[in-house]
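One rule links them: number in this note's numbering = place in the sequence shown (from 1) + 1294.
Here a beta-carbon is modelled for each residue, glycine too, at the ideal position from N, C-alpha and C.
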Amino acid sequence: MLGYEPGTPLDEIDFKLKIDVSPISFVSKDDPPVLLVHGDQDNIVPVEHAFRMQERIKGAGVAVELVIVEGVEHSVSKTDPQTSCVC
């Protein structure tokens, strides 16, 4: 298992595995330009992770743009007018 449900007890989480498979671990100078889009109401992945990813990508010398979408949670939907533009 690579993901965990919110509320998973800490003793059940393999933190080494999470680090090994995290997208931030794969950033390199050879990456193409990146657009990050994150909802400010995401209760699954804190918005701070998007800022960390942006800094890691910048640090690798790759062009990156981060868009924080107000009022949006974790997922996007083609039927939600606020998030359908990113689908």
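Chain-order list of residues whose beta-carbon lies under 7 Å from that of residue i (same chain, five-residue window excluded)
i       : result
Met1295 : Residue placement at Met1295 is flagged as unreliable, the pLDDT there being 44, under the threshold of 50; a coordinate-derived value is accordingly withheld.
Lys1323 : Ala1354, Gly1355, Val1356
Host beta strand (DSSP E) of residue i (start-end)
i       : result
Ile1362 : 1358-1363
His1368 : That residue, His1368, is in no beta strand (DSSP E); it is neither H nor E in DSSP.
Residues near residue i in its chain [Cβ-Cβ closer than 6 Å; skip 5 each side]
i       : result
Ala1357 : Pro1327
Val1363 : Gly1333
Arg1350 : Ile1318, Val1321
Cβ shell of residue i (< 8 Å), same chain only, five flanking positions each side left out
i       : result
Ser1319 : Ile1313
His1368 : Gly1333, Asp1336, Asn1337, Ile1338, Val1339
Strand pairing of residue i, partner residues [DSSP]
i       : result
Thr1328 : Per the sequence shown, the amino acid found at residue 1328 is Val instead of Thr. DSSP, once it has assigned bridges, lists Val1358 as partnering Val1328.
Gly1333 : Val1363
Separation of residue j from residue i, as counted between CA atoms
i       : j       : result
Gly1353 : Val1370 : 28 Å
Met1347 : Leu1330 : 9 Å
Ala1344 : Val1366 : 14 Å
Limits of the alpha helix (DSSP H) - the one that residue i falls within
i       : result
Phe1345 : 1341-1353
Val1321 : Element bounds for Val1321: n/a, residue is neither H nor E.
Between the segment 1327-1336 and the segment 1303-1311, are three or more C-beta pairs nearer than 8 Å? No, because fewer than three Cβ pairs between the segment 1327-1336 and the segment 1303-1311 fall closer than 8 Å, the two stretches do not touch.
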